[in-house]
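full-length UniProt numbering applies: residue 1 is where the sequence shown begins, and numbers increase by one.
One structure is given here, and the rest of the page talks about it.
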Amino acid sequence: MKDLPARRLLLVHAHPDDESINNGATMARYAAEGAHVALVTCTLGEEGEVIPPDLAHLAADREGGLGDHRVGELAAAMRELGVTDHRFLGGPGRFRDSGMTGTEQNHRPGAFWAADVDDAAGHLVGVIRSLRPQVLVTYDPDGGYGHPDHIQAHRVAMRAADLAADPAYDAGAGAPHTVAKIYWNRVPRSVAEEGFARLRDTAPDAFPGIAPVDDVPGVVDDAVITTEIDGSAYASAKTAAMRAHTTQIAVDGPFFALSNDLGQPVFTTEYYELVRGAPGGDEGAREHDLFAGVPDAGLAPGART
Ligand SMILES: [Zn+2]
C-alpha cells in the first residue's frame, strides 16, 4: 500500500460475526470517516451452530460447508459496514474453528487452538507491517468469555504486535512497526444491565428467553473502561451487518439472539480498555476516539479540539 490513510485501525477476531457484534458501529464509523479499517478473522467459524432450519445442513455434524458459507456472510456484513479490507489469518481455512471448550475439536489438526502462537502470529506480522495500524483492537486474555478461539486470537494478536515491532524479527515481513495503542473489547456492567432491563421492559417475548448479563463477552466494572465510541449514527449499519451473519444471529429490532435463542441488547456505543499506549484527551476522562493522542493520525472529522 503506497498511500496509507492518516488513520489505520486493525481488528483481530476469532470467527465471522464477532466483529459485527463487538465492533460493528466502531468499524462503520471509522470507515465512514475515511480511516483504513482492516479486519483479520482467524477461522471460518466451521463449528458454529446454525439457526435457520433451511441452512441446518451446513453444520459440521451434518453435511458441512458452513465455513465457506460464512465467508460469504462476512463479506456481506463488511459491505454493510463499508469495510473493504477483510482477510483470514494465513488465508481462508488456514486455521480451523476449535469448537467450544472441552470438545474433541479443540485438538484436531488445523484447529486454531492447537496452533503454535508464534507461527500463527507470524501471519499477522506481515499484515501489521504493511498496513502500519496505529490502533489494534482484540479481546482480553479470557477472549471475552473463554472460547478457545477467542483466547487464541488474543494471544496471537498481542504476540504479533510485539513481533511486528521487533527489528530482529523476519526482515522479509517488512519494516518494523509499533502499534501505538492496543485495546481490548469490553462492556461496562452498568450498560449491560441497562440493556437487559430495556429488553425485559420493551420486548420480553421477542425471544424464548433472555440471556444473563454475564453471557455478554467482556463485561467488567465500569471503572475498567477507558474509551467509548459512540456509533449510534451507525446503528442501522451494525444491525444490518449482524443480520448478514444469517446462520449465527437472529436480529429483532435493537435486540438479537445467538443459537441459544436468548435475547441480548445490541450496543451501538462500543466500549474498550486501553492496555497499551498513552490515553489521549482529558486526563482521567474516557476517550471518545481510538486515535486520541496518536501524533500522526490527524483529527477525526468533526472532532472537537
Ligand atoms: Zn466467536
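We treat Cβ as the ideally placed atom computed from N, Cα and C, and that holds for glycine.
Between the CA atoms of residue j and residue i - distance to the nearest angstrom
i: Val156; j: His13; result: 10 Å
i: Ala115; j: Trp184; result: 22 Å
i: Glu73; j: Thr84; result: 14 Å
i: Gly293; j: Arg29; result: 18 Å
i: Val127; j: Gly143; result: 21 Å
i: Glu49; j: Gln248; result: 7 Å
i: Ala235; j: Asp18; result: 16 Å
i: Gly277; j: Ile182; result: 7 Å
i: Ser130; j: Gly64; result: 35 Å
i: Arg94; j: Asp162; result: 22 Å
i: Asp261; j: Ala32; result: 32 Å
i: Arg96; j: Val220; result: 29 Å
i: Val135; j: Asp222; result: 22 Å
i: Gly146; j: Ser190; result: 21 Å
i: Glu104; j: Gly24; result: 32 Å
i: Pro167; j: Pro141; result: 26 Å
i: Arg62; j: Gly90; result: 27 Å
i: Phe291; j: Gly82; result: 19 Å
i: Ala285; j: Asp201; result: 31 Å
Cβ-Cβ distance between residue i and residue j below 8 Å
i: Phe88; j: Ser98; result: no
i: Thr268; j: Ser232; result: yes
i: Pro92; j: Val71; result: yes
i: Asp289; j: Gly298; result: no
i: Ala153; j: Thr138; result: yes
i: Arg8; j: Pro133; result: yes
i: Glu283; j: Thr226; result: no
i: Thr43; j: His86; result: no
i: Val224; j: Glu194; result: no
i: Asp230; j: Ala6; result: no
Best match in the options for proximity to residue i [C-alpha to C-alpha]
i: Gly45; options: Gly110, Gly195, Ala240 and Pro176; result: Gly110
i: Leu4; options: Val83, Pro295 and Ala35; result: Ala35
i: Glu228; options: Thr26, Asp215 and Arg198; result: Thr26
i: Ala75; options: Ala38, Asp61, Glu49 and Thr103; result: Ala38
i: Gly218; options: Leu11, Ala206, Tyr271 and Ala161; result: Tyr271
i: Ala180; options: Asp119, Ser190 and Val275; result: Val275
i: Met158; options: Asp170, His123, Asp222 and Gly174; result: His123
i: Tyr169; options: Pro141, Asp119, Ile151 and Arg62; result: Asp119
i: Ala77; options: Ser20, Tyr145, Gly146 and Glu194; result: Ser20
i: Thr246; options: Asp296, Leu10, Ser190 and Ala56; result: Ala56
i: Asn22; options: His150, Pro295 and Thr103; result: His150
Close Cβ partners of residue i (< 7 Å) along its chain, the five nearest in sequence each way excluded
i: Pro148; result: Ser98, Thr101, Asn106 and Trp113
i: Glu80; result: Ala237, Ala240, Ala241 and Ala244
i: Phe196; result: Ile210, Val213 and Pro265
i: Ala60; result: Glu46, Glu47 and Leu66
i: Val216; result: Val187, Ala192 and Gln264
i: Ala250; result: Ile51, Phe256 and Ala257
i: Val117; result: Arg155, Val156 and Arg159
Residue i - partner residues in DSSP beta bridges
i: Asn185; result: Tyr272
i: Leu136; result: Leu10 and Ile182
i: His86; result: Leu39
i: Asp252; result: Phe255
i: Leu262; result: Gly209
i: Glu228; result: Tyr271
i: Glu104; result: Note: Glu104 sits in no beta bridge, so no partner.
i: Ala111; result: Arg96
i: Val220; result: Pro188
i: Glu287; result: Thr227
8 Å Cβ cutoff, residue i in contact with chain C
i: Ala235; result: As a matter of chain content, chain C is missing from the structure shown, which is built from one protein chain.
Beta-carbon contacts of residue i that lie in its chain and below 6 Å, excluding the five residues immediately before and after
i: Asp54; result: none
i: His69; result: Leu58
i: Ala164; result: Val125, Ile128, Arg129 and His177
i: residue 341; result: It is not possible to answer for residue 341, since the shown part of the chain is limited to 1 through 305.
Sequence-distant residues of the same chain with beta carbon closer than 8 Å to residue i, five excluded per side
i: Gly263; result: Leu199, Ala203, Ala206, Phe207, Gly209, Ile210, Ala211, Asp252, Phe255, Phe256 and Ala257
i: Leu11; result: Glu19, Asn23, Met27, Val37, Ala38, Leu39, Val40, Leu136, Val137 and Thr138
i: Ser259; result: Gly48, Glu49, Val50, Ile51 and Gln248
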